[in-house]
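Student:
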Amino acid sequence: MHIPKSYQTSNKETNPLKINPLINVKPVIKKFAALETWSEKLNIRELYKKHASPCWIVSKEQLTQNVLDFALFTENTNHILFPVKTNPSLLILELLAELGVGADCASRQEIDLALLAGIPYKNISYNCPVQDVNLCESLLIKGATVIMDDPTAILKLQSNLQGKVFHGKLLLRINPTAKIEYSQTNDNQELMSHAVISSKFGIPSEDLPALVKKLTIPVSGLHVHVGTQMDNLSSFHNAMIEMHCLANQLITEGHPVFDINIGGGLGIPFLEGDKFPSLKYWVNEISSIKQDSFKYYVEPGHALCGNAVSLLAAVEAIKYSRNKRWIILNVGTDQLAKVTLLHWPHRILGPEGNSLNKEGNDAIAGPLCFAGDTLVDNINAGDIELGDPLLITHAGAYTFSLSNRFCGRLAPAWILIDENGNKKLMNNEGRYDNPYLTNYFWNLQDTNTLTEVIPKEKSRN
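Numbering (our numbering), first residue to last: 42 to 502.
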């Protein structure tokens, strides 16, 4: 995808797509997000004929556009921190690294993966409910950002760093008192509401003043995360207002608070009729309450890569039972646990690119020995036949990262559609997966010290 000159900067080493929102003409902004359209333009039969299935398909153009949109809020692409847990594909991470995007990591292994993809320490943030103090210390010395919410761990880190010079930044994660809620309710929200008062995440904002009085280590910023698949702009607005108030209080205490990280959480639609704020509308509305004295960071998952990835599958069997037709694919809960276990149906396109999510008496299921292995029920699958390819869209977030080898299923291949529309089969995952092609390159772990990533050229041999 061609990057307009208005998006570019001479500071390419640190930020290849630095954004100046003042020099970009704002188009008409739609309030609600629409389903992506790039997958509808694919020749699904031709893709299947050439590459077989299953395989993940990544649109570089869609991913790049999402980065550019978020960067209109952050003003720097390296202020966008992609949660590796969302999709630990090396292909995704390398594309984001090329765009200057950073990484939000929850473990040593995710840090190694980000480094392997080409993301430097200065663009890496570490945030985990179980905080490894030694890892925090090492990261701060290397120039990374550490986000903490355990007072005991913070004080221990402070003790460990006495007399040591570090160039990284410490941010405190806050559990706000502000009203954080969804506009629409569903059964999954209790699993996604990270900022509710009863959550395990974050320092209660009312406890922050007492903690800060004990700190001699500088606090560089504050962090908050409202929750996953958030559909209510007021939740982001309320959280940001509270972060501003708390940050200004810390400044009066002598802390150099310049960074406000508002986490991720912006939801995306999976089906026609799903209502979530569009990314551009979110940027426009939330930018209006920014303050000039702060730098802003985000950690988008679904909203960054959710609509940039689709999963190509194929019909392996068709069964009939009590007047119901079961279309059984070669993927199911092994790759789409979020869809089957949380009952989060995604749009499914037939071999001609038509949507199958219409009312009927058919069901599309996976191949696993598991009664809940159903992708979508009560639809009209039309004249789908054995061997036909299908495309599951908006599958870029919390799918590959939750994949498994249940019933001996193996990982799909990866196809990249570049900015010119060319399709290339990528074997990146095999560079770091185990022989069974599961998910992560975990064998770099060193239990004593922060590991250094192995050279890319060596990993490809």
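Ideal Cβ placement from N, Cα and C applies to all residues, glycine included.
Just so it is clear, the structure is predicted and the values come from calculations on it, not from any experiment.
For serine 166 and valine 187, I'd like the C-alpha separation in whole angstroms.
Tutor: Spanning the two alpha carbons is a distance of roughly 6 Å.
Student: Please list, in chain order, all residues of the same chain as leucine 466 whose beta carbon is under 7 Å from its beta carbon, the five residues on each side excluded.
Tutor: So the list reads His92, Ala454 and Ile456, once near-sequence residues are dropped.
Student: Taking the alpha-carbon of serine 328 as reference, which of Asp110, Phe73, Glu139 and Leu390 has the nearest alpha-carbon?
Tutor: Here the closest residue by C-alpha is Asp110.
Student: Going straight from the alpha carbon of glutamate 54 to that of asparagine 119, what length do you get?
Tutor: Because glutamate 54 sits at a pLDDT of 43, beneath the cut-off of 50, its placement in the model cannot be relied upon, and the point is left open.
Student: Below 8 Å on the Cβ atoms is my contact criterion, and I expect alanine 452 with serine 444 to pass it. Report the Cβ-Cβ distance as a whole number of Å.
Tutor: That belief holds up - the Cβ atoms of alanine 452 and serine 444 are roughly 7 Å apart, short of 8 Å.
Student: Using a Cβ-Cβ cutoff of less than 7 Å, which residues in the same chain neighbour cysteine 410 once the five nearest sequence positions on both sides are dropped?
Tutor: Here the set comprises Cys448.
Student: Suppose contacts are defined by Cβ-Cβ distances below 7 Å. Is threonine 115 in contact with valine 339 by that definition?
Tutor: Yes, the Cβ-Cβ distance between threonine 115 and valine 339 is below 7 Å.
Student: Please report the Cβ distance between lysine 210 and glycine 262, rounded to the nearest whole angstrom; I am assuming they are in contact, meaning their Cβ atoms lie under 8 Å.
Tutor: Correct: roughly 7 Å between the Cβ atoms.
Student: Give the straight-line distance between the Cα atoms of phenylalanine 207 and arginine 446, rounded to the nearest whole angstrom.
Tutor: Those two C-alpha atoms are separated by around 42 Å.
Student: Starting from phenylalanine 30, trace the beta strand (DSSP E) both ways and give me its first and last residue.
Tutor: In this structure the chain extends from 42 to 502, so residue 30 is not present and cannot be described.
Student: On the CB-based measure, 16 or more other CB atoms within 10 Å of its CB, does cysteine 286 come out buried or exposed?
Tutor: Exposed, because fewer than 16 other Cβ atoms sit within 10 Å of the Cβ of cysteine 286.
Student: What three-state label does DSSP hand arginine 366 in the structure shown?
Tutor: Three-state DSSP puts arginine 366 in a strand.
Student: Which residue comes first and which comes last in the beta strand (DSSP E) that contains arginine 214?
Tutor: Arginine 214 -> beta strand (DSSP E) spans 210-216.
Student: Let me know if leucine 232 comes out buried or exposed under the rule of 16 or more other beta-carbons within 10 Å of its beta-carbon.
Tutor: With a pLDDT of 45 at leucine 232, under the threshold of 50, the modelled position of this residue cannot be trusted, and the question is left open.
Student: Find out if the Cβ-Cβ distance for the pair valine 372, leucine 427 is shorter than 7 Å.
Tutor: No, these two residues do not count as a Cβ contact at 7 Å.
Student: Roughly how many whole angstroms lie between the Cα atoms of lysine 163 and glycine 184?
Tutor: Straight-line Cα distance between these residues: approximately 5 Å.
Student: Between which two residues does the alpha helix (DSSP H) carrying asparagine 89 extend?
Tutor: Note that residue 89 is tyrosine in the sequence shown here, rather than asparagine. Run containing tyrosine 89: 85-92, per the alpha helix (DSSP H) assignment.
Student: Whether or not the segment 289-304 and the segment 244-258 are in contact is what I'm after, with contact meaning three or more pairs of Cβ atoms, one per stretch, closer than 8 Å; do they touch?
Tutor: Short answer: they touch.
Student: Taking DSSP's pairing of strands, which residues face phenylalanine 73 in a bridge?
Tutor: Paired residues: Pro318.
Student: Is the segment 333-350 close to the segment 368-383, with three or more CB pairs under 8 Å?
Tutor: Touching, no.
Student: Ignoring anything shorter than 3 residues, give me the beta strand (DSSP E) runs that lie fully in the segment 144-194, in order along the chain.
Tutor: List check, beta strand (DSSP E) in window: 165-168 and 186-189.
Student: Select from Glu81, Gln172, Ile258 and Gly268 the residue whose C-alpha is nearest the C-alpha of aspartate 190.
Tutor: Checked all of Glu81, Gln172, Ile258 and Gly268; the closest Cα to aspartate 190 is Gln172.
Student: Three-state secondary structure (DSSP) at leucine 377?
Tutor: Coil.
Student: At the level of alpha carbons, what is the spacing between glycine 314 and isoleucine 433?
Tutor: Cα-Cα distance, rounded: 17 Å.
Student: Pick helix, strand or coil for leucine 79, following the three-state DSSP scheme.
Tutor: Before going on, a small fix: residue 79 reads as tryptophan here, not leucine. Helix at tryptophan 79.
Student: Alpha carbon to alpha carbon, what distance is there between aspartate 424 and serine 442?
Tutor: Answer to the nearest angstrom: the Cα atoms are 33 Å apart.
Student: Please say whether leucine 202 and valine 174 have beta carbons closer to each other than 7 Å?
Tutor: Going by C-beta atoms, valine 174 is not nearer than 7 Å to leucine 202.
Student: Need the endpoints of the alpha helix (DSSP H) that leucine 250 sits in, please.
Tutor: In the sequence as presented, leucine is not what sits at residue 250; that position holds proline. Looking at the DSSP string, the run of the alpha helix (DSSP H) that includes proline 250 is 249-253.
Student: Check whether the segment 80-88 and the segment 378-394 are in contact - that is, three or more C-beta pairs closer than 8 Å.
Tutor: Counting Cβ pairs under 8 Å, three or more are found: they touch.
Student: Can you give the Cα-Cα distance for glutamate 222 and isoleucine 359, rounded to whole angstroms?
Tutor: Approximately 42 Å between the Cα atoms of the pair.
Student: One question on the structure: do valine 380 and valine 99 come within less than 7 Å of each other, judged by their Cβ atoms?
Tutor: Taking 7 Å as the Cβ cut-off, valine 380 and valine 99 do not qualify as a contacting pair.
Student: In angstroms with no decimal places, state the Cα-to-Cα distance between glutamate 460 and glutamate 102.
Tutor: Between glutamate 460 and glutamate 102, the C-alpha separation is close to 5 Å.
Student: Which same chain residues end up closer than 6 Å to leucine 274 when comparing Cβ atoms and leaving out the 5 residues on each side of it in sequence?
Tutor: Correct list, in chain order: Pro318 and Glu326.
Student: Give me the residue from Lys72, Ala75 and Leu88 with the minimum Cα distance to leucine 353.
Tutor: Considering only alpha carbons, the answer is Leu88.
Student: Can you tell me which of the three DSSP states aspartate 418 falls into?
Tutor: Looking at aspartate 418 - three-state DSSP - the assignment turns out to be strand.
Student: Would you tell me roughly how many angstroms separate the C-alpha atoms of glutamate 247 and threonine 78, rounded to the nearest one?
Tutor: Distance between the alpha carbons of glutamate 247 and threonine 78 is about 45 Å.
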